[in-house]
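S.K.:
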Amino acid sequence: MKELNLLGNHSLDREHLLYLERFTSIQTLCLSHQFHLDEGILQTLSEIPTIRHLNVTVRLGKGDRKGALDFGDCFQGLRTLELRGKHKDVSDVFIAMSAPHLHLIALDFTDPPSTNVPNSPFSTIVPHIPNTVTGFSCAFCAVLDPLPKSLSDLLGPLPPRLPNLASFDLTSEKSPLSVTNDDLAQLSDAWPLLAHLNVRVTVSAARFNLQTVRRPDVHGLAALAQRCPQLETLHLPELDIDKPSPSGNGPDAVEKAPVPIPFLSHRLKELLVQSVSLAPTKAQHEAAVALDMLFPYLDLRTMRPGQGGAATATGGAWATIWRTLEIMRWGRQNRALAEGGCDAAVPEVPDMPAEPGGVRRRLLPPVAHAHALLQPVQQMPPPPPPPPLPLPIFNANDLHAVMVDDDSGTESE
Numbered sequence: 001m002k003e004l005n006l007l008g009n010h011s012l013d014r015e016h017l018l019y020l021e022r023f024t025s026i027q028t029l030c031l032s033h034q035f036h037l038d039e040g041i042l043q044t045l046s047e048i049p050t051i052r053h054l055n056v057t058v059r060l061g062k063g064d065r066k067g068a069l070d071f072g073d074c075f076q077g078l079r080t081l082e083l084r085g086k087h088k089d090v091s092d093v094f095i096a097m098s099a100p101h102l103h104l105i106a107l108d109f110t111d112p113p114s115t116n117v118p119n120s121p122f123s124t125i126v127p128h129i130p131n132t133v134t135g136f137s138c139a140f141c142a143v144l145d146p147l148p149k150s151l152s153d154l155l156g157p158l159p160p161r162l163p164n165l166a167s168f169d170l171t172s173e174k175s176p177l178s179v180t181n182d183d184l185a186q187l188s189d190a191w192p193l194l195a196h197l198n199v200r201v202t203v204s205a206a207r208f209n210l211q212t213v214r215r216p217d218v219h220g221l222a223a224l225a226q227r228c229p230q231l232e233t234l235h236l237p238e239l240d241i242d243k244p245s246p247s248g249n250g251p252d253a254v255e256k257a258p259v260p261i262p263f264l265s266h267r268l269k270e271l272l273v274q275s276v277s278l279a280p281t282k283a284q285h286e287a288a289v290a291l292d293m294l295f296p297y298l299d300l301r302t303m304r305p306g307q308g309g310a311a312t313a314t315g316g317a318w319a320t321i322w323r324t325l326e327i328m329r330w331g332r333q334n335r336a337l338a339e340g341g342c343d344a345a346v347p348e349v350p351d352m353p354a355e356p357g358g359v360r361r362r363l364l365p366p367v368a369h370a371h372a373l374l375q376p377v378q379q380m381p382p383p384p385p386p387p388p389l390p391l392p393i394f395n396a397n398d399l400h401a402v403m404v405d406d407d408s409g410t411e412s413e
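Each residue of the sequence shown is one higher than the one before, counting from 1 in UniProt numbering.
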């Protein structure tokens with residue numbers, strides 16, 4: 001047997017799990033959350049030299065152990081390691097394994113680890129992480145107390161230890177997270193090969209837009225994109241789209257000059273934000289214009305609110321931004337059709353559910369979608385397909401043309 005997955009509820013106890021040592025050629029072992037592995041069972045697994053992928057929940061304290069947990073060089077072949085349990089148990093097991101060839105690490109902490117700087121939850125394991133790791137995932141299943149002031153405070157010394165990281169996922173299930181422009185800059189400096197960045201929270205909507213939570217703005221996204229040219233997906237809890245507050249008070253207040261947004265032509269495919277700062281509708285449209293300047297190749301189908309998947313967790317303001325991005329995209333496609341010889345077309349766009357999780361519609365691929373909805377009135381040779389996702393056709397001096405007034409409505413095995 002090469003692979004063993006025990007999922008769901010089983011009437012197996014610790015004595016049964018000790019028989020795992022008989023699977024001497026197993027390469028993949030995945031046990032559901034109901035199975036808690038102690039020192040003795042882990043020692044049994046360490047005697048199987050063929051294990052490459054391990055996904056287990058640990059709970060230490062039942063096995064016989066003297067001194068620090070240490071498996072020596074028994075887990076040298078591990079490539080993927082997924083551990084769940086209390087912070088100290090997970091850390092002790094990870095350190096004891098000392099697997100030098102890991103590619104993927106996934107850690108789920110079921111209790112509230114210390115988030116006091118410099119004692120980040122990762123401080124003890126960082127020296128034992130090999131530089132072969134390209135994917136890192138972690139989930140905080142309990143309340144973070146005290147709440148870290150920034151993502152950098154939470155990660156501590158982790159980022160520099162992962163120079164070859166291509167994918168990073170972090171989920172907070174009970175607490176909001178602060179992500180700042182400086183956080184994104186530090187992560188991008190440490191992870192220039194990053195292709196996937198996912199920072200998510202699963203708290204109630206009422207816990208977004210808190211004054212105690214910090215959030216990045218489009219300039220932070222620009223800095224991240226410039227340092228990570230291979231970035232394809234970016235998921236963040238919140239985005240600040242407010243304009244800078246005037247300096248001074250009362251009649252002496254002076255509006256701060258806006259900072260230009262660069263035309264990056266970055267190849268980011270998916271951008272999802274769970275919540276956008278409370279701002280006027282005009283600011284939402286301006287944020288959409290800025291995002292289009294940074295990321296003109298976004299796949300709006302995967303970002304569509306109400307479409308399902310990660311996009312379902314986004315709020316109403318993000319839906320406004322998404323719709324504005326879509327309208328600008330249709331404008332570019334219209335121009336491509338006209339320049340390709342199309343004399344006339346019916347201006348139809350698909351409906352979008354009013355609320356996330358509403359009626360789902362299946363979208364066709366971009367080119368097929370355009371030709372299905374924009375049907376030429378006259379019979380003529382079909383125009384050449386538009387460029388995959390061309391650069392914006394407006395210039396910096398014409399950005400106001402796309403604004404809308406505030407009064408307008410808008411484990412498997």
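Ideal placement from N, C-alpha and C gives every residue a C-beta, glycine not left out.
These figures come from a predicted structure and were not determined experimentally.
In whole angstroms, give me the CA-to-CA distance for V349 and R304.
M.R.: Those two C-alpha atoms are separated by around 13 Å.
S.K.: Counting C-beta neighbours from all protein chains within 10 Å, is the total for D343 16 or more, i.e. buried, or is it exposed?
M.R.: When all chains shown are included, D343 counts as exposed.
S.K.: In or out: R332 buried (at least 16 other Cβ within 10 Å) or exposed?
M.R.: buried
S.K.: In this structure, what does DSSP give as the bridge partners for N5?
M.R.: C30
S.K.: For the region 57 to 114, list the beta strand (DSSP E) runs that are entirely contained and at least 3 residues long, ordered along the chain.
M.R.: 80 to 85, 104 to 109
S.K.: Which residues in the same chain as D242 place their Cβ atom closer than 6 Å to its Cβ, once the five residues preceding and following it in sequence are excluded?
M.R.: S277, A279
S.K.: Using a Cβ-Cβ cutoff of less than 6 Å, which residues in the same chain neighbour L107 once the five nearest sequence positions on both sides are dropped?
M.R.: L83, V90, C138
S.K.: How many Å lie between S281 and R14 at the Cα?
M.R.: The sequence shown places Thr at residue 281, not Ser. Each residue's alpha carbon lies about 58 Å from the other.
S.K.: On the three-pair Cβ rule with 8 Å, is the region 67 to 81 touching the region 95 to 104?
M.R.: Taking 8 Å as the limit for Cβ pairs, the verdict is that the region 95 to 104 does touch the region 67 to 81.
S.K.: Find the nearest neighbour of W330 within the set T134, Q274, V346, G316, judged by alpha-carbon distance.
M.R.: V346
S.K.: On the three-state DSSP scale, how would you describe A257?
M.R.: coil
S.K.: Between the C-alpha atoms of S32 and V58, what's the straight-line distance to the nearest angstrom?
M.R.: 11 Å
S.K.: Express the C-alpha separation of R301 and G358 in angstroms, rounding to a whole number.
M.R.: Bear in mind that the predicted position of G358 carries a pLDDT of just 36, short of 50, making it too unreliable to give a figure here.
S.K.: To the nearest angstrom, report how far apart L298 and R267 are at their CA atoms.
M.R.: 7 Å
S.K.: Apart from the five residues just before and just after R52, which ones in its own chain have a Cβ nearer than 8 Å to its Cβ?
M.R.: Q27, T28, G77, L78, R79, T80
S.K.: If you draw a straight line from the alpha carbon of V213 to that of V201, how long is it in whole angstroms?
M.R.: For V213 and V201, the distance between alpha carbons rounds to 12 Å.
S.K.: Less than 8 Å between the CB atoms is what I'm expecting for L4 and I41, so what's the real figure, rounded?
M.R.: That belief does not hold up - the Cβ atoms of L4 and I41 are roughly 14 Å apart, past 8 Å.
S.K.: If we ignore side chains and look at the alpha-carbon of each, how far apart do residue 442 and L197 end up?
M.R.: This structure gives no information on residue 442, because the portion of the chain shown stretches from 1 to 413.
S.K.: For V259 and L151, what's the separation of their Cα atoms in angstroms?
M.R.: Rounded to the nearest angstrom, the two C-alpha atoms are 25 Å apart.
S.K.: Do you know whose CA, among S188, Q226, Q186, L177, lies nearest R207's CA?
M.R.: L177 is the residue among S188, Q226, Q186, L177 whose C-alpha sits nearest the C-alpha of R207.
S.K.: Roughly how far, in whole angstroms, is the beta-carbon of A223 from the beta-carbon of N181, given that I think they are within contact range, below 8 Å?
M.R.: 7 Å
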